[in-house]
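Chains as they are written, first to last, in this note's numbering: chain A, -14 to 217; chain B, -14 to 217.
And the structure:
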């Protein structure tokens, strides 16, 4: 991914600026650019919380400076009525599409977020290379600027969930074998056995058991077997 | 998608409750459930903005009531250090995975969001069916509750971007044909022609032109041809 500047154009409320800094940092972004911001005081700092560094290192710039140095400039816009299919706001892309469009870009990318009350002007949108619109409900499409920044940051960061090891084939087969012996032990009718084992494979197959979970299930079977064999 | 209750467990700040109502409505959700909320006054209403209806219709309930009526209850948790791989918080799923897990569920689903200062308790998480964690930066993983609600709502709603008609095969072939004639008209060297036309197909193929854009490009070519033929 290229470096991404999150550019707030004429933000009105310091609280929103602080919230934007915070949610950017939540997703690993730190390049906050402010164009003509309001005075940033206690409320901005409070809302930035542990992203005070992002807020304090925010760059104050002009729109011309942003365009001058950016390979690609993206306008974020609210959803427009279907009748306005002009080149100004169409075609637009969702934040997840944006990620795929940008992932191979080499250079600096700026994403512009407009004023809380009326967004980006047509003149600003006209200069941008790509239009990004967060798909919203038609009933209330106006997303708070920090929520818009959050969703774009979440999608562009696309931080992997992280992985856990799922039990492998050998571990699972050993578990199913144990389960099969167990069914025998409790006199599960022979003629039902195959179908029941298939159901067990379906159930445990789709849950993607971790090795620890498999080992706990083995343990439960063993403990039950012990009680069956040593009835008290 | 099943009906989704967004449940705020012991929220501390009325502003956050208002913001949660707003961003829920942005993505078409309206079932806000409040467990032991703070008094909701002017700030909650201001932040809810045009989602005041969601705020005012919020249901006050107990956690037992939520569990009693929900087919599936999901705990949202912050990212945990890798060392805590207990069944309490693992395995966890990202909001986009959650959408796929829920889309065929028939019944009522509740998503729990914990307190702003320390999230959900272990006792609360223990009762939940699925753990959902928003993948965040390790540097600052604590997401404001309204941003967490926003991202989960955005993913669960998964509102389609909407579509526009892309120029069809006939329209594109007619455009390429025009472009080929144009190259001939400006004496583009024969031996380069094929490669240049391939490049044109690559360029315009990947931009997915709209019919209107194709028609404008035709117009530009025609206008240029006129000037070539009527030199002034």
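For glycine and all other residues, C-beta sits at the position ideal for the given N, C-alpha and C.
In chain order, what residues of the segment 111 to 135 of chain B put their CB closer than 8 Å to some CB of chain A? 118, 119, 120, 121, 122, 124, 125, 126, 127, 128, 129, 131, 132 and 135
For residue 75/A, go through chain B and note every residue whose CB falls closer than 8 Å to its CB, in chain order. 149 and 195
Distance check for residue -13/A and residue 90/A, CA to CA, integer angstroms please. 6 Å
Any C-beta of chain B sitting closer than 9 Å to the C-beta of residue 90/A? no
In angstroms, rounded to a whole number, what distance separates the CA positions of residue 183/B and residue 191/A? 47 Å
Pairing CB atoms from the segment -10 to 4 of chain B with CB atoms from the segment 129 to 140 of chain B, are three or more of them under 8 Å? yes
Answer yes or no: does any C-beta atom of chain A fall closer than 9 Å to that of residue 260/B? Here chain B covers residues -14 to 217 and nothing more, so residue 260/B does not appear.
Please determine, among 61/B, 94/B, 42/B and 54/B, the residue with the shortest C-alpha to C-alpha distance to residue 107/B. 61/B
From this set, 122/A, 103/A and 99/A, which residue's C-alpha is nearest residue 113/A's C-alpha? 99/A
So, with DSSP's three-state summary, where would you put residue -4/A? coil
Residue-chain proximity (residue -2/B, chain A), Cβ-Cβ < 9 Å: Not flagged as an interface residue toward chain A: residue -2/B, since no C-beta distance is shorter than 9 Å.
In three-state DSSP terms, what is residue 104/A? strand
Which residues in the same chain as residue 181/B place their Cβ atom closer than 8 Å to its Cβ, once the five residues preceding and following it in sequence are excluded? 168 and 173
Let me check understanding here. Comparing Cα to Cα, which of 29/B, 14/B, 10/B and 23/B lies closest to residue 3/B? 29/B
Residues in the same chain with beta-carbon distance under 8 Å from residue 42/B, minus the five sequence neighbours each way, listed in chain order, please. 15 and 17
Looking at the secondary structure, which residues open and close the beta strand (DSSP E) in which residue 115/A lies? 115 to 118
Tell me which residue opens and which closes the beta strand (DSSP E) that residue 97/B is part of. 93 to 98
Consult DSSP for residue 163/B and reduce its assignment to one of helix, strand or coil. helix
Per DSSP, what are the beta-bridge partners of residue 139/B in this structure? Partner(s): none; residue 139/B has no beta bridge.
Own chain residues within Cβ distance below 7 Å of residue 46/B, not counting five before or after: 18 and 20
Taking the beta strand (DSSP E) that residue 60/A falls in, what are its first and last residues? 57 to 62
Using DSSP bridges, identify the partner residues of residue 280/A. Here chain A covers residues -14 to 217 and nothing more, so residue 280/A does not appear.
Is there at least one Cβ from chain B nearer than 9 Å to residue -10/A's Cβ? no
What does residue 8/B touch in chain A if you count any residue whose Cβ is under 8 Å from its own? Within 8 Å Cβ-Cβ: 128, 129 and 132.
Establish whether the CB of residue 60/A and some CB of chain B are separated by less than 9 Å. Not one chain B Cβ lies under 9 Å of residue 60/A.
Given that residue 146/B touches chain A, what residues does it touch there, using C-beta distances under 8 Å? 77, 78, 79, 82, 118 and 120
Quick one: is residue 4/A near chain B, going by C-beta distance under 9 Å? yes
Proximal residues to residue 143/A (C-beta, below 7 Å), its chain only, five neighbours per side dropped: 84
Is it true that the segment 148 to 156 of chain B meets the segment 191 to 202 of chain B, where meeting means three or more beta-carbon pairs spaced less than 8 Å apart? yes
What does the alpha-carbon distance come out to for the pair residue 75/A and residue 105/A? 15 Å
Inter-residue Cα distance where the pair is residue 145/A and residue 22/B: 33 Å
In chain order, what residues of the same chain lie with their CB nearer than 6 Å to the CB of residue 118/A, ignoring the 5 residues before and after it? Taking residue 118/A as the centre and dropping the five residues before and after it, the same chain places the C-beta of 62, 64 and 77 closer than 6 Å to its C-beta, in chain order.
Just the C-alpha distance for residue 208/A and residue 96/B, rounded to the nearest angstrom, thanks. 35 Å
Separation of residue 120/B from residue -2/B, as counted between CA atoms: 24 Å
I want to verify the contact list: residues of chain B whose CB lies under 7 Å from the CB of residue 36/A, in sequence order. 125
Cβ separation of residue 223/A and residue 160/A, assumed to be a contact under 8 Å, to the nearest whole Å: In the structure as shown, chain A begins at -14 and stops at 217. Residue 223/A is therefore absent and cannot be evaluated.
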